[in-house]
Amino acid sequence: MYQILTDSCCDVPYEILEENNVDFISMHVSIGGTEIADDLGRHFKIADFYQQIKNGAMPTTSQVNVGRYVEFFRSYAEKKIPILYICFSSGMSGSYQSAMQAVEILKEDLPAAEVYVVDSLAASGGEGLMVYEAAQKQQAGMSLNDLYDWLEENKLTYHHWVTVNDLHHLQRGGRISKTSAAIGGLMNIKPIITVDVEGRLQNVDKVRGRKKALQLVADRISEATKDPANQTIFITTSADQEGAEEVKRHLEESIQPKEVRIFPLGTTIASHTGLGCIAVFTRGEKRS
1 MYQILTDSCC DVPYEILEEN NVDFISMHVS IGGTEIADDL GRHFKIADFY
51 QQIKNGAMPT TSQVNVGRYV EFFRSYAEKK IPILYICFSS GMSGSYQSAM
101 QAVEILKEDL PAAEVYVVDS LAASGGEGLM VYEAAQKQQA GMSLNDLYDW
151 LEENKLTYHH WVTVNDLHHL QRGGRISKTS AAIGGLMNIK PIITVDVEGR
201 LQNVDKVRGR KKALQLVADR ISEATKDPAN QTIFITTSAD QEGAEEVKRH
251 LEESIQPKEV RIFPLGTTIA SHTGLGCIAV FTRGEKRS
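For what it's worth, the UniProt record's numbering labels the leading residue of the sequence shown as 1, then goes sequentially.
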């Protein structure tokens, strides 16, 4: 048997990862002068984090360093357990490069270690949906080599459609200019964001008003979804459960997917989106 690993940017609650025998490594977030581990709700309440942002706190994030990756992988390699690590997109973080360096260092001590690293080119529930479906395939008996090949072949079939309510956080992260954030706020402009083939966020559209933004995100996901009767769709949100439920209703009415699951946006991703983010993820044809 082999071990599937991921990181906390997958934004799947830790209970679901545990149920599917997936282990994860935490990114770190600093907020209010305190550093916390993004542990997907295991010890730190995500609702408390949202409240701190609501009160004006501005969190910052740090990626997993090489040393932490080495120890994470070592805990399995020393037991001769092969590893498949599904990593946060290299288009948004240096974590993938750190993980690859860690594998090289680990193999200096343990040359026989089997460690496969997949650059998901995905984030949040896109990465999470990939991890979830990989775990299903493992449980169905797919071998490590076959699963690694399947992920490399299919990772661009995971689609992301996102809107945010607070342009200030996008401006702070360099996604839009200060002027655009100010004008957009005054005019109630909501950006529509996707993830491109290099795993980077791209602003691709904008609409006036939250309701129109949610409808457009739902429409884009409906168009992207392949074989909806057999497709699970993930929605992640930072403290807008009502908006997430609205998108879920749109999807259930338009394409009747197999399942739609709503999760809280984790502390790492929410640090960059602010409150009111709605992100929706599905599988379809390869994104281009």
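We treat Cβ as the ideally placed atom computed from N, Cα and C, and that holds for glycine.
Please state whether DSSP places Glu259 in a helix, a strand or coil. Position 259 of the sequence shown holds residue 259. Looking at Glu259 - three-state DSSP - the assignment turns out to be strand.
Ends of the alpha helix (DSSP H) at Glu152? Here the question's residue 152 lines up with position 152 in the sequence shown. Element bounds for Glu152: 144 to 154.
Using three-state DSSP, classify Phe49 as helix, strand or coil. Taking the first residue of the sequence shown as 1, we reach residue 49 at position 49. Phe49: helix per DSSP, three-state reduction.
Of the listed residues Gln215, Ile262, Lys212, Thr225, nearest to Thr236 (C-alpha basis): Your numbering for residue 236 matches position 236 in the sequence shown. It is Ile262 whose Cα lies nearest to the Cα of Thr236.
Residues bridged to Leu201 by DSSP? On the sequence shown, residue 201 is found 201 positions in, with the first residue counted as 1. Answer is Val195.
Going by the CB atoms, is the gap between Gly266 and His159 shorter than 8 Å? For the purposes of this step, residue 159 is taken as the residue at position 159 of the sequence shown. For the purposes of this step, residue 266 is taken as the residue at position 266 of the sequence shown. Not a contact, by the Cβ cut-off of 8 Å.
Cut-off 8 Å between Cβ atoms - residues of its own chain near Leu106, not counting five sequence neighbours on either side: Your numbering for residue 106 matches position 106 in the sequence shown. Closer than 8 Å at Cβ, skipping near neighbours: Val70, Phe73, Arg74, Ala77, Ala113, Val115.
Assigned secondary structure, Gln3 (DSSP; H/G/I helix, E/B strand, else coil): Locating residue 3 in the sequence shown gives position 3, where the first residue counts as 1. Residue state, collapsed to three classes: strand.
Between Gly67, Pro264, Gly199, which lies nearest to Asp240 when the distance is taken from Cα to Cα? Translated into the one-based positions of the sequence shown, residue 240 becomes position 240. Checked all of Gly67, Pro264, Gly199; the closest Cα to Asp240 is Pro264.
Of the listed residues Asp166, Glu127, Trp161, nearest to Asn154 (C-alpha basis): Sequence index remark: in the sequence shown, residue 154 carries index 154 (1-based). It is Glu127 whose Cα lies nearest to the Cα of Asn154.
When the Cα of Asp149 is compared with those of Ala134, Trp161, Asp196, which residue comes out closest? Along the sequence shown, read from residue 1 onward, the residue named residue 149 stands at position 149. For Asp149, the nearest C-alpha among the options comes from Ala134.
As assigned by DSSP and simplified to three states, the class of Phe281: On the sequence shown, residue 281 is found 281 positions in, with the first residue counted as 1. In the three-state reduction of the DSSP assignment, Phe281 falls in the strand class, which pools E and B.
If Met92 sits next to Leu201, beta carbons under 8 Å apart, how far is it from one beta carbon to the other, in whole angstroms? To locate residue 92, count along the sequence shown from 1; it is residue 92. To locate residue 201, count along the sequence shown from 1; it is residue 201. Rounded to whole angstroms, the Cβ separation of Met92 and Leu201 is 7 Å, and the two are in contact under 8 Å.
Of the residues Gln3, Asp146, Arg287, the one placed nearest Lys226, counting alpha carbons only: Counting from one through the sequence shown, the residue named residue 226 turns up at place 226. The shortest Cα separation from Lys226 among Gln3, Asp146, Arg287 belongs to Arg287.
Considering only the beta carbon of each residue, do Val117 and Met100 sit closer than 8 Å? As a position in the sequence shown, residue 117 is number 117, starting the count at 1. As a position in the sequence shown, residue 100 is number 100, starting the count at 1. Yes, the Cβ-Cβ distance between Val117 and Met100 is below 8 Å.
Relative to the C-alpha of Glu152, which candidate in Ile255, Met142, Val162, Leu121 has its C-alpha closest? In the sequence shown, counting from the first residue as 1, residue 152 sits at position 152. Ranking Ile255, Met142, Val162, Leu121 by Cα distance to Glu152 puts Leu121 first.
Output yes or no for whether 8 Å exceeds the beta carbon distance between Gly41 and Ala279. Reading the sequence shown from its first residue, position 41 is the one you call residue 41. Reading the sequence shown from its first residue, position 279 is the one you call residue 279. Contact: no.
Whole-angstrom C-beta distance between Ser95 and Gln63, which should lie under 8 Å: Start at 1 with the first residue of the sequence shown, and residue 63 comes out as number 63. Start at 1 with the first residue of the sequence shown, and residue 95 comes out as number 95. Between Ser95 and Gln63 the Cβ distance is about 5 Å, and since that is below 8 Å, they are a contact.
Quick one: which unbroken beta strand (DSSP E) runs of 3-plus residues sit fully inside the stretch 202 to 261? Chain order, please. 232 to 237
Determine the burial state of Met27: buried for a count of at least 16 other Cβ atoms within 10 Å of its Cβ, exposed for fewer. The residue labelled residue 27 in the question sits at position 27 within the sequence shown. Its Cβ being crowded by 16 or more others within 10 Å, Met27 is buried.
DSSP puts Lys190 in a beta bridge; with which residues? Here the question's residue 190 lines up with position 190 in the sequence shown. Note: Lys190 sits in a beta bridge opposite Val207.
Taking 8 Å as the limit between beta carbons, can you name the residues of its chain near Lys258, skipping five residues before and five after? Position 258 of the sequence shown, counted from the start, is the residue given in the question as residue 258. Cβ within range, chain order: Pro228, Ala229, Asn230, Gln231, Thr232.
Label Val204 either buried or exposed according to how many other C-beta atoms from any shown protein chain fall within 10 Å of its C-beta, with 16 as the threshold for buried. Stepping through the sequence shown from its first residue, residue 204 is reached at position 204. Burial call: exposed.
Is the beta carbon of Pro111 sitting closer than 8 Å to the one on Tyr2? Position 111 of the sequence shown, counted from the start, is the residue given in the question as residue 111. Position 2 of the sequence shown, counted from the start, is the residue given in the question as residue 2. No; because the gap between Cβ atoms is not below 8 Å, this pair is not in contact.
Test item: CB-CB of Phe24 and Ile36 under 8 Å: One-based indexing of the sequence shown puts residue 24 at position 24. One-based indexing of the sequence shown puts residue 36 at position 36. Against a cut-off of 8 Å, the Cβ pair of Ile36 and Phe24 comes out as no contact.
Buried/exposed call for Thr179, threshold 16 Cβ in 10 Å: Along the sequence shown, one-based indexing puts residue 179 at 179. Caution is warranted here: a pLDDT of 46 is assigned to Thr179, below 50, making its placement in the model unreliable, and the coordinate value is therefore given only provisionally. Thr179 is exposed by the Cβ-count criterion.
Using the beta-carbon count (16 or more within 10 Å), is Gly274 buried or exposed? The residue given as residue 274 occupies position 274 in the sequence shown. Flag for Gly274 reads buried.
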